[in-house]
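Structure first, commentary second.
Residue numbers (the UniProt record's numbering): 1 to 442.
The structure is reproduced here in structure tokens:
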């Protein structure tokens, strides 16, 4: 007998339960028991913070990496397709939007981790925002939605990624800059499609191209300090230097100030600078100049045609000679440029247009176009906000908002084109603030 070796046991006989006489039902029951035991073992082995996870339907930290990578790729692709189809979704019906939401619901059923669920939530936020914009467009009209900030940012990103071209098909293949742009897009796409948890693709955008082709070409004249500061007086702050020897603190008699007494002209000056007072005054000046010019037209036509009505062409020629025109409803109006432009001050021209916008919003005046397509202005009956809304609903019309831009060269061209010598709105003298030894603020 060799040392360290155990003797061989005799071969065992098969037990009665291990022979081949079992029924198929017993075999099926045994397989089901083995599968349940395997599932139970797998469920209990997956733990979080030392505790087993009972249900893996909604959360599974041990999800297959390849399956999760494909899921994240599908979620990002759906979000990109949704952003590309924003214009079509806004213009069409809700069938396409419902398809996107159903597809997102299908992908959400495969999400097993919270970081992947953030991609789906980002899509839901974008879909909710698009639904709100569609509802606003249906209620208030398509012109009242304003500028879509999300669409503007996405267009800028696409413009920078395509190296200054709106579409990828327009990029020439021979340009080295376009090759670099495509390389940046491929690197960014590879980084996005990776299984990295960070969603920031990095600064892979051609900001220099955006500045050169979009910003600098449209912003040629920078605003100077006079337009930015307005009526404020600038006083350079001088840093006080402390001497080593400090004398006893004494109050300087020159720095003492008497209480300022208000005079009636001070109160009148404050009322003239009030915004509402200026707006009302401008509307009064509009009515006054129209009435004065119409009196001149009536006097001239009355002298030439005292007993009969003048011919239509003579009447229109007389109105045009006195700077008067008629609207579609035969209301008397004058040119908007002639009314708002001040040939003595560019700043007050901008202020007059700003004050006129308040009158338009309140319904005190209205803007139309004459036979030459130029804007004209005429007084209107003042109505409340509710009355204006009811009128818009009755006519099935929507609000129209426009932005009027004017710069210094354009202002000079308007003065020369319309031969403006005197301002219709009286020129306002700039009041210089009283500056004492302590500064303009007193």
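In this text, a Cβ means the ideal position worked out from N, Cα and C, and glycines have one as well.
**Message:** Taking the straight line between their C-alpha atoms, what separation do you get for residue 483 and residue 327?
**Reply:** Outside the shown range of the chain (1 to 442) lies residue 483, about which nothing can therefore be said.
**Asked** If we count the other Cβ atoms within 10 Å of its Cβ and call it buried at 16 or more, is residue 119 buried or exposed?
**Response** Sequence index remark: in the chain shown, residue 119 carries index 119 (1-based). Burial call: buried.
**Prompt:** Is it true that the CB of residue 409 sits closer than 8 Å to the CB of residue 342?
**Reply:** As a working note, residue 342 is residue 342 in the chain shown. As a working note, residue 409 is residue 409 in the chain shown. No; because the gap between Cβ atoms is not below 8 Å, this pair is not in contact.
**Message:** Is the beta carbon of residue 335 closer than 8 Å to that of residue 467?
**Reply:** Here the chain comprises residues numbered 1 to 442, so residue 467 is not present and cannot be evaluated.
**Message:** With H, G and I counted as helix, E and B as strand and the rest as coil, what does DSSP make of residue 422?
**Reply:** Taking the chain shown and counting its residues from 1, the one referred to as residue 422 is at position 422. Looking at residue 422 - three-state DSSP - the assignment turns out to be coil, as it is neither helix nor strand.
**Message:** Within 10 Å of its beta-carbon, does residue 162 have 16 or more other beta-carbons around it, so buried, or fewer, so exposed?
**Reply:** Within the chain shown, residue 162 is the residue found at index 162, counting from 1. By the neighbour-count rule (16 or more Cβ atoms within 10 Å), residue 162 is buried.
**Item:** C-beta atoms of residue 455 and residue 323 nearer than 8 Å
**Value:** Residue 455 cannot be examined here, being either before or after the span of the chain that is shown, 1 to 442.
**Request:** Determine which residues share a DSSP beta bridge with residue 325 and list them.
**Result:** The residue labelled residue 325 in the question sits at position 325 within the chain shown. Its beta-bridge partners are 333.
**Assigned exposure category for residue 282 - 16 Cβ within 10 Å defines buried** = Stepping through the chain shown from its first residue, residue 282 is reached at position 282. Buried, because 16 or more other Cβ atoms sit within 10 Å of the Cβ of residue 282.
**Item:** Beta bridge counterpart(s) of residue 212 as assigned by DSSP
**Value:** Position 212 of the chain shown, counting from 1, holds the residue named residue 212. BP columns for residue 212 are empty, so no partner.
**Prompt:** In whole angstroms, what is the alpha-carbon distance linking residue 459 and residue 218?
**Reply:** The displayed coordinates of the chain run from 1 to 442. Any statement about residue 459 would go beyond what the structure contains.
**Request:** Quick one: which unbroken beta strand (DSSP E) runs of 3-plus residues sit fully inside the stretch 294-321? Chain order, please.
**Result:** If we require 3 residues or more, the stretch 294-321 turns out to have no beta strand (DSSP E) run fully inside it.
**Prompt:** Distance, Cα to Cα, residue 429 vs residue 123?
**Reply:** One-based indexing of the chain shown puts residue 429 at position 429. One-based indexing of the chain shown puts residue 123 at position 123. One C-alpha to the other measures close to 56 Å.
**Asked** Residues in its own chain within less than 6 Å of residue 352 by CB, not counting five upstream and five downstream?
**Response** Within the chain shown, residue 352 is the residue found at index 352, counting from 1. So the list reads 340 and 425, once near-sequence residues are dropped.
**Best match in 135, 58 and 121 for proximity to residue 110 [C-alpha to C-alpha]** = As a first step, residue 110 must be located in the chain shown, where it is residue number 110. Selected option, being the one with the closest Cα: 58.
**Message:** Short of 7 Å in beta carbon distance, which residues of its chain neighbour residue 86, apart from the five on each side in sequence? Order them along the chain.
**Reply:** Here residue 86 refers to the residue found at position 86 when the chain shown is read from its first residue. Excluding sequence neighbours, residue 86 sits near 130 and 151.
**Prompt:** Exposed or buried, residue 128, counting other C-beta atoms within 10 Å across all chains shown (16 or more means buried)?
**Reply:** As a first step, residue 128 is located in the chain shown; it is residue number 128 there, counting from the start. Per the 10 Å Cβ criterion, exposed.
**Item:** Outcome for residue 135 when other beta-carbon atoms lying within 10 angstroms are tallied against a minimum of 16
**Value:** Sequence index remark: in the chain shown, residue 135 carries index 135 (1-based). Burial call: exposed.
**Buried or exposed (CB count within 10 angstroms, at least 16 for buried), residue 149** = Taking the chain shown and counting its residues from 1, the one referred to as residue 149 is at position 149. It is exposed - the Cβ of residue 149 has fewer than 16 other Cβ atoms within 10 Å.
**Message:** Can you find the residues in the same chain that come closer than 7 Å, C-beta to C-beta, to residue 331, ignoring five residues on each side of it along the sequence?
**Reply:** Position 331 of the chain shown, counted from the first residue, corresponds to residue 331. For residue 331, where only same-chain residues beyond five positions count, the Cβ hits under 7 Å are 378.
**Message:** Excluding the 5 residues flanking residue 380 on each side, which residues of the same chain have their C-beta closer than 7 Å to its C-beta?
**Reply:** The residue labelled residue 380 in the question sits at position 380 within the chain shown. For residue 380, where only same-chain residues beyond five positions count, the Cβ hits under 7 Å are 363, 364, 365 and 366.
**Prompt:** Once you ignore the five residues that flank residue 210 on each side, which residues in its own chain have a CB closer than 6 Å to its CB?
**Reply:** Position 210 of the chain shown, counting from 1, holds the residue named residue 210. Here the set comprises 160.
**Item:** For residue 238, the first and last residue of its enclosing alpha helix (DSSP H)
**Value:** To locate residue 238, count along the chain shown from 1; it is residue 238. Counting along the chain, residue 238 falls outside any alpha helix (DSSP H), and DSSP gives it neither H nor E.
**Asked** Which partner residues does residue 365 have in the DSSP bridge list?
**Response** Stepping through the chain shown from its first residue, residue 365 is reached at position 365. Answer is 379.
**Request:** Please report the residue range of the alpha helix (DSSP H) in which residue 83 lies.
**Result:** Reading the chain shown from its first residue, position 83 is the one you call residue 83. Looking at the DSSP string, the run of the alpha helix (DSSP H) that includes residue 83 is 65-84.
**Request:** Just tell me which of 375, 89, 90 and 114 has its CA closest to the CA of residue 60.
**Result:** The residue given as residue 60 occupies position 60 in the chain shown. Among 375, 89, 90 and 114, the Cα nearest to that of residue 60 is on 114.
**Request:** Tell me, please, whether the CB atom of residue 426 is closer than 8 Å to any CB atom in chain C?
**Result:** Any reference to chain C falls outside this structure, which holds one protein chain only.
**Request:** Mind checking which residues open and close the alpha helix (DSSP H) that includes residue 123?
**Result:** As a first step, residue 123 is located in the chain shown; it is residue number 123 there, counting from the start. Segment 114-140, the alpha helix (DSSP H) holding residue 123.
**Prompt:** If you draw a straight line from the C-alpha of residue 457 to the C-alpha of residue 338, how long is it?
**Reply:** Limits of the chain in this structure are 1 at one end and 442 at the other, which puts residue 457 out of reach.
**Request:** Classify residue 39 as helix, strand or coil using the three-state DSSP reduction.
**Result:** By one-based count along the chain shown, residue 39 stands at place 39. Here the model assigns residue 39 a pLDDT of 43, short of 50, so the residue's position is not dependable, and the following value carries that caveat. In the structure shown, residue 39 sits in a helix (DSSP, three-state: H, G or I).
**Request:** Measure the Cβ-Cβ separation of residue 74 and residue 97 and say whether it is below 8 Å.
**Result:** Start at 1 with the first residue of the chain shown, and residue 74 comes out as number 74. Start at 1 with the first residue of the chain shown, and residue 97 comes out as number 97. The answer is no: Cβ separation not under 8 Å.
**Asked** CA-CA distance, residue 93 and residue 133?
**Response** Position 93 of the chain shown, counting from 1, holds the residue named residue 93. Position 133 of the chain shown, counting from 1, holds the residue named residue 133. Distance between the alpha carbons of residue 93 and residue 133 is about 13 Å.
**Asked** Out of 105, 116 and 214, which has the shortest C-alpha to C-alpha gap to residue 157?
**Response** In the chain shown, the residue the question calls residue 157 occupies position 157. Checked all of 105, 116 and 214; the closest Cα to residue 157 is 214.
**Prompt:** Which residue from 420, 237, 89 and 401 puts its Cα closest to that of residue 140?
**Reply:** For the purposes of this step, residue 140 is taken as the residue at position 140 of the chain shown. Distances from the CA of residue 140 to each of 420, 237, 89 and 401 were compared; the closest alpha carbon is that of 401.
**Prompt:** I think residue 63 touches residue 112, with their Cβ atoms under 8 Å apart; what is that distance to the nearest whole Å?
**Reply:** Taking the first residue of the chain shown as 1, we reach residue 63 at position 63. Taking the first residue of the chain shown as 1, we reach residue 112 at position 112. So it is a contact: roughly 5 Å between Cβ atoms.
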